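Asks: Residue numbers (the working numbering), protein chains in the order written: chain G, 1 to 308; chain B, 1 to 313; chain A, 1 to 245. Pasting in a structure now, in structure tokens, and then I'll have a few things to ask.
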Amino acid sequence: MSLTLFLILCLNGLQYGLLLFLIAAGLTLVFGVMGFINLAHGVQYMVGAYLVFAFTGLTGSFWLALVLSLIAALMIGLLMEYAVFRHLYARPHLDQVLATFGIIIFLNELAKVLFGPATLSIDTPELLSGSIQITEQLRYPVYRLATIGAGLVVAVGLFITISYTRTGMLIRAGSTTPEMVSALGVNITQLFRIVFGVGAMLAGFAGVIAAPLFAIEPGMGDNLLIVAFVVIIIGGVGSIGGAFLAAILVGLIDTLGRSLVTELLGLAVDASMANQIGPALASMLIYILMAAILVFRPKGLWPAKGVA
Amino acid sequence: MDRGLVIGGVIFAFLLAMPVLLPIVGAEYLTGLLIKAMLLAIAAISLDLIIGHGGMVSLGHAAFIGVGAYTTAIGLQSGIEEIFVLLAITLGATGAIALVTGILALRTSGVYFLMITLAFGQMIYFTLTSLAAYGGDDGLTLWSLATLFGSDIVQDGRGLFFFVFAALLLTWIGVWRVSQSRFGRVLRAARDNPQRAEVMGYPVARYQLIAYVIAACIAGVSGLLLVQYAEFVSPSIAAWQRSGDLIVAIVLGGLGSRNGALLGAFFIVIMEEFLSSFLHEWRLIYGPLLVLLVLFAKGGLNDLLQPTSREAS
Amino acid sequence: MLAIENLNKSFGALRVTRDVSLSVSRGQCHAVIGPNGAGKTTLIHQISGVLRQDSGRVLLGERDVSHLSVWERAQAGLGRTFQITSVLPTFSVQENVATALQAKTGSSLRFFAPAADEAALNDRAQTILSRVGLADRTDLPAGNLSHGELRLLEIAIALAGSPKFLLLDEPMAGLGKTESMALIDLLNDLRADFPILLVEHDMDAVFQLADALSVLVDGEIIATGAPSEVRENPQARAAYLGDGA
Numbered sequence: 001m002s003l004t005l006f007l008i009l010c011l012n013g014l015q016y017g018l019l020l021f022l023i024a025a026g027l028t029l030v031f032g033v034m035g036f037i038n039l040a041h042g043v044q045y046m047v048g049a050y051l052v053f054a055f056t057g058l059t060g061s062f063w064l065a066l067v068l069s070l071i072a073a074l075m076i077g078l079l080m081e082y083a084v085f086r087h088l089y090a091r092p093h094l095d096q097v098l099a100t101f102g103i104i105i106f107l108n109e110l111a112k113v114l115f116g117p118a119t120l121s122i123d124t125p126e127l128l129s130g131s132i133q134i135t136e137q138l139r140y141p142v143y144r145l146a147t148i149g150a151g152l153v154v155a156v157g158l159f160i161t162i163s164y165t166r167t168g169m170l171i172r173a174g175s176t177t178p179e180m181v182s183a184l185g186v187n188i189t190q191l192f193r194i195v196f197g198v199g200a201m202l203a204g205f206a207g208v209i210a211a212p213l214f215a216i217e218p219g220m221g222d223n224l225l226i227v228a229f230v231v232i233i234i235g236g237v238g239s240i241g242g243a244f245l246a247a248i249l250v251g252l253i254d255t256l257g258r259s260l261v262t263e264l265l266g267l268a269v270d271a272s273m274a275n276q277i278g279p280a281l282a283s284m285l286i287y288i289l290m291a292a293i294l295v296f297r298p299k300g301l302w303p304a305k306g307v308a
Numbered sequence: 001m002d003r004g005l006v007i008g009g010v011i012f013a014f015l016l017a018m019p020v021l022l023p024i025v026g027a028e029y030l031t032g033l034l035i036k037a038m039l040l041a042i043a044a045i046s047l048d049l050i051i052g053h054g055g056m057v058s059l060g061h062a063a064f065i066g067v068g069a070y071t072t073a074i075g076l077q078s079g080i081e082e083i084f085v086l087l088a089i090t091l092g093a094t095g096a097i098a099l100v101t102g103i104l105a106l107r108t109s110g111v112y113f114l115m116i117t118l119a120f121g122q123m124i125y126f127t128l129t130s131l132a133a134y135g136g137d138d139g140l141t142l143w144s145l146a147t148l149f150g151s152d153i154v155q156d157g158r159g160l161f162f163f164v165f166a167a168l169l170l171t172w173i174g175v176w177r178v179s180q181s182r183f184g185r186v187l188r189a190a191r192d193n194p195q196r197a198e199v200m201g202y203p204v205a206r207y208q209l210i211a212y213v214i215a216a217c218i219a220g221v222s223g224l225l226l227v228q229y230a231e232f233v234s235p236s237i238a239a240w241q242r243s244g245d246l247i248v249a250i251v252l253g254g255l256g257s258r259n260g261a262l263l264g265a266f267f268i269v270i271m272e273e274f275l276s277s278f279l280h281e282w283r284l285i286y287g288p289l290l291v292l293l294v295l296f297a298k299g300g301l302n303d304l305l306q307p308t309s310r311e312a313s
Numbered sequence: 001m002l003a004i005e006n007l008n009k010s011f012g013a014l015r016v017t018r019d020v021s022l023s024v025s026r027g028q029c030h031a032v033i034g035p036n037g038a039g040k041t042t043l044i045h046q047i048s049g050v051l052r053q054d055s056g057r058v059l060l061g062e063r064d065v066s067h068l069s070v071w072e073r074a075q076a077g078l079g080r081t082f083q084i085t086s087v088l089p090t091f092s093v094q095e096n097v098a099t100a101l102q103a104k105t106g107s108s109l110r111f112f113a114p115a116a117d118e119a120a121l122n123d124r125a126q127t128i129l130s131r132v133g134l135a136d137r138t139d140l141p142a143g144n145l146s147h148g149e150l151r152l153l154e155i156a157i158a159l160a161g162s163p164k165f166l167l168l169d170e171p172m173a174g175l176g177k178t179e180s181m182a183l184i185d186l187l188n189d190l191r192a193d194f195p196i197l198l199v200e201h202d203m204d205a206v207f208q209l210a211d212a213l214s215v216l217v218d219g220e221i222i223a224t225g226a227p228s229e230v231r232e233n234p235q236a237r238a239a240y241l242g243d244g245a
């Protein structure tokens, strides 16, 4: 393992982590503020990717498609909130699971019907194509760097919003003491709608920027959703800071693990054995991390303040 | 006489008559469908023990079907063919994994429990996909199947049908008896009000863990039988969407009721068969149907058949 | 029978229990009164194990139960009721009591025999229900009871655990006058069999039932003694009784 390869893996891990953060942020806020468990959140990621695919095809411009996709993702999120989710906030979690599961089934199938079951891809936008020299031996694709940058910008923006604006204050209050917020006479319905819409848009945004990098296919958000849950459990439910740190941690561990575990195992046992166990162990790493955190810090590493 | 018992009895009598009736009407091809429905019902009934009676919403139950199926497949590959030996190994493996994940997951409750069981389920799923020696992603076709005391009677056709039927009947009776026993009463008390149960003097988490392990073991058995039926095993049976299907079955049927999981499982299999026969993209109907079900219907199929059942359980 | 020694508890900077000591002997009913937010329920929670004290001890008889969990304390003989009614809503009234009885009679790790058919449990449950006056509600789901009946069921559940000691957290809360009087009679009757620690706002009840009285203000006991003494205690009057009774 060369230092260069290690650096590339770290950058990839960081990038994966930021993508996870974009998804986990909405999930943790929606859960923290509304106590709503939204399995269909991962589908928003898929929707984002398909939207940018469709709009790029229509307009020919990635940038225009990006803007249109974000607007459309927001609208779809708000529509789902209005039509289905708002009726479920006060319902038992089992009902929420079932209804959002139905939405996943529907949207995954719809994607298959509209775009076909095969994987699709779009080109990296021209402005960000190519790669740049970071160190003497390390070239890294500009687009990947740009997604890292975009992820960081969104994270900082979200952080500032939550820490310093009135809406952010309400969101924080809502995720720790919901009774308090309604006691203040705040329009809860509207707050919920904002949080939900922003969450859906962030997941959509993750899908948009992931589209040029990964295969676009039906069900692409499902697995990511579960990893986002792992992120939330590790970070502490309802906490944006926790989601951010945990997402980066999970991104790095997963990416590095997949490349390093087999190699490291090879030092301890013989190569064929390592090749057998390595991949299985690597895919388990983040779950093992989650289990360990459950044992030692059941509330997560950085729980939302005020959760006693 | 208890109406639930009568309805259940009718369903089982009906099932038992199928191997005779189907050839008469020339619909023998439905035997496979019925076996599939019975296998789903076994897993759904076991899940109802923890969700319906125990109030613990687990979203990782299908993973135990996967563990059971893979344990069986690996056993068969290693030359173990006696079905009761395979059963013992399967129970041991699923039980052990459920014990470890259950201890961890039960450190939490409610929605955390849901997320954690989902995550552990996914972990098991990915572990199965990375078993390169047993087919990895693509799964594994089995060239030899289990035998009953050396005879191949339980490998296909009626023999297999009756074997699966017996397993379902035992599960149906067993889970209901457990839910109404002293143990089940504590489990239901913990569902209603965990703090109250604790103050009554019950270590609630231990009871919940036992229920979780029992349910996992039964799901493991349905995995074993699934291998025997499909002669094939792949990680997809452990995917979290399959856990979702199981939840759909028990909610559709009516939580914590004697026949709910049974009815729900049959309903799903039949509905899938029916919808997909005229619309290939049947999921476009199925998905919104679930949403509508949650928004507008409560109590499930079991309540339709038995309007007064709520009070009794 | 029950002794609390130097109990302390803080939530962050807020000290909710300050050096609380008290003891209740056999045959006694000891009442704890105090204004809202004085830390009465927090105290009950620490005694029953729902909350863990920062320092100090809880003794049940000779036994130090300070480090036992909730269910272990219940098994050791600590019965309690909740300020906010806490029963098993989908269970029948009788099954509520039978479930509590079951914890103390034989193993609950029995997986096959129907629990509802255990005549011994049902009979004893019925006896307890008669004692609290719910005998005609046996088969009703607990969720369908009136508020007053639920308060009685709470007590029946606590009695079913054959406690050595009863912790009652505002049993009169939300009751009308006639219901209160009936409950006072019941508690007076129970007092002979079970030592009681009673947290209560209803001063009529307190003065009719209590042999001893402690006044809790800001997590601290500022006066303790016979009800008649405490009634005359100027500190206690100023802090609490002066504006209420």
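For each residue, glycine too, the CB sits at the ideal point set by N, CA and C. If you're wondering where the values come from, they're calculated on a predicted model, not measured in any experiment.
Mapping DSSP to helix, strand and coil, what is Ile221(A)?
Replies: Three-state result, Ile221(A): strand.
Asks: Using a Cβ-Cβ distance under 8 Å, would Glu337(B) count as near chain A?
Replies: As displayed, chain B neither begins before 1 nor continues past 313, which places residue 337(B) out of reach and without an answer.
Asks: Cutting at 7 Å between CB atoms, please list the residues of its own chain near Glu170(A), excluding the five before and the five after it.
Replies: Counting only Cβ-Cβ distances below 7 Å, and skipping sequence neighbours, we find Gln83, Val199, Glu200 and His201.
Asks: In chain order, which continuous runs of the beta strand (DSSP E) of length 3 or greater are located wholly inside the region 31–72 of chain A?
Replies: Entirely contained in the region 31–72 of chain A, the beta strand (DSSP E) runs reaching 3 residues are, in chain order, 55–60.
Asks: From Ser2(G), Leu245(G) and Thr28(G), pick the residue whose C-alpha is nearest to that of Leu202(G); which is it?
Replies: Here the closest residue by C-alpha is Thr28(G).
Asks: From what residue to what residue does the alpha helix (DSSP H) around Tyr287(G) run?
Replies: It spans Ala271 to Phe296 - the alpha helix (DSSP H) in which Tyr287(G) sits, taken as one unbroken run.
Asks: Near Gln53(A), which residues of its chain fall below 8 Å by C-beta distance, leaving aside the five closest residues on each side in sequence?
Replies: The answer, listed in chain order, is Leu7, Asn8, Lys9, Thr17, Gln46 and Ser66.
Asks: What's the C-alpha gap between Phe192(G) and Lys36(B)?
Replies: Straight-line Cα distance between these residues: approximately 42 Å.
Asks: Using only alpha-carbon positions, find the residue among Ile97(B), Leu148(B), Val248(B) and Leu49(B) that is nearest to Ile124(B).
Replies: The option with the nearest alpha carbon to Ile124(B) is Ile97(B).
Asks: Counting only C-beta atoms, is Met123(B) closer than 8 Å to chain G at any point?
Replies: Judged by the 8 Å Cβ criterion, Met123(B) is in contact with chain G.
Asks: Can you tell which of Gly201(B), Ile83(B) and Val199(B) has the C-alpha that lies nearest to the C-alpha of Gly148(B)?
Replies: According to the sequence shown, residue 148(B) is Leu rather than Gly. Closest by alpha carbon: Ile83(B).
Asks: Considering Ile132(G), what are the terminal residues of the beta strand (DSSP E) in which it resides?
Replies: Run containing Ile132(G): Ser131 to Gln133, per the beta strand (DSSP E) assignment.
Asks: Threshold first: 3 residues or longer. Then list the beta strand (DSSP E) segments lying entirely within the region 158–237 of chain A, N to C.
Replies: Correct list: 165–169, 196–199, 212–217 and 220–225.
Asks: Which chain B residues sit within Cβ distance under 8 Å of Ser48(A)?
Replies: Val199, listed in chain order.
Asks: Here's the rule: buried if 16 or more other CB atoms are within 10 angstroms of the residue's CB, otherwise exposed. What is His61(B)?
Replies: Buried, since its Cβ has 16 or more Cβ neighbours within 10 Å.
Asks: Please classify Tyr140(G): does DSSP put it in a helix, a strand, or coil?
Replies: If DSSP states are grouped into helix, strand and coil, Tyr140(G) belongs with the strands.
Asks: Please classify Ala245(A) as buried or exposed, where buried requires at least 16 other C-beta atoms within 10 Å of its C-beta.
Replies: Note on Ala245(A): pLDDT 39, under 50, position unreliable in the model; no value is reported.
Asks: Give the residues of chain A in contact with Ala215(B), contact being defined as C-beta atoms less than 8 Å apart.
Replies: Correct list: empty, because the minimum Cβ distance to chain A is about 13 Å.
Asks: With a threshold of 8 Å, are at least 3 pairs of Cβ atoms found where one atom belongs to the region 249–269 of chain G and the other to the region 270–287 of chain B?
Replies: In short, these stretches do not touch, since the Cβ pair count stays below three.
Asks: Can you tell me whether Tyr229(B) is buried or exposed? The criterion is at least 16 other CB atoms within 10 Å of its CB, across all chains shown.
Replies: Result: buried.
Asks: Starting from Ile4(A), trace the beta strand (DSSP E) both ways and give me its first and last residue.
Replies: Looking at the DSSP string, the run of the beta strand (DSSP E) that includes Ile4(A) is Leu2 to Phe11.
Asks: Below 7 Å, is the gap between the Cβ of Pro218(G) and the nearest heavy atom of the ligand MN?
Replies: This structure does not include the ligand MN; it has no bound ligands of any sort.
Asks: Grab me the residues of His53(B)'s own chain with a C-beta within less than 7 Å of its C-beta, minus the 5 sequence neighbours each way, in chain order.
Replies: Answer for His53(B): Ser179, Gly184, Leu187, Arg188, Arg191 and Gly256, listed in chain order.
Asks: Put Leu22(A) into one of helix, strand or coil per three-state DSSP.
Replies: The answer is strand: DSSP assigns Leu22(A) an E or B state.
Asks: Name the chain B residues whose beta carbon is nearer than 7 Å to that of Ala113(A)?
Replies: Simply Ser181.
Asks: For chain G, check one thing: does any of its Cβ atoms lie closer than 8 Å to the Cβ of Gly244(B)?
Replies: So yes, Gly244(B) belongs to the interface.
Asks: Check whether the Cβ of His41(G) lies closer than 8 Å to any Cβ atom in chain B.
Replies: It does not: the Cβ of His41(G) has no partner Cβ on chain B nearer than 8 Å.
Asks: On the three-state DSSP scale, how would you describe Ile122(G)?
Replies: The answer is coil: DSSP assigns Ile122(G) none of H, G, I, E or B.
Asks: Please classify Asp123(A) as buried or exposed, where buried requires at least 16 neighbouring CB atoms within 10 angstroms.
Replies: The residue in question, Asp123(A), is exposed, as its Cβ has fewer than 16 Cβ neighbours within 10 Å.
Asks: For Asn12(G) and Ile148(G), I'd like the C-alpha separation in whole angstroms.
Replies: Approximately 9 Å, taken between the alpha carbons.
Asks: Quick one: give me the first and last residue of the alpha helix (DSSP H) that Leu29(G) is part of.
Replies: Segment Leu3 to Met34, the alpha helix (DSSP H) holding Leu29(G).
Asks: Please state the DSSP three-state secondary structure of Val233(B).
Replies: Of the three classes helix, strand and coil, the one that applies to Val233(B) here is strand, per DSSP.
Asks: Where does His147(A) land, buried or exposed, given buried means 16+ other C-beta within 10 angstroms?
Replies: Per the 10 Å Cβ criterion, exposed.
Asks: Which residues in chain G have a C-beta closer than 8 Å to the C-beta of Ser234(B)? List them in chain order.
Replies: Here the premise fails: no neighbours, minimum Cβ distance about 16 Å.
Asks: Which chain A residues are close to Asp192(B), counting only those with a beta carbon under 7 Å from its beta carbon?
Replies: Those are Leu88, Pro89, Thr90 and Phe91, listed as they occur along chain A.
Asks: Does the beta carbon of Met115(B) come closer than 8 Å to any beta carbon on chain G?
Replies: Yes, Met115(B) counts as interfacial toward chain G.
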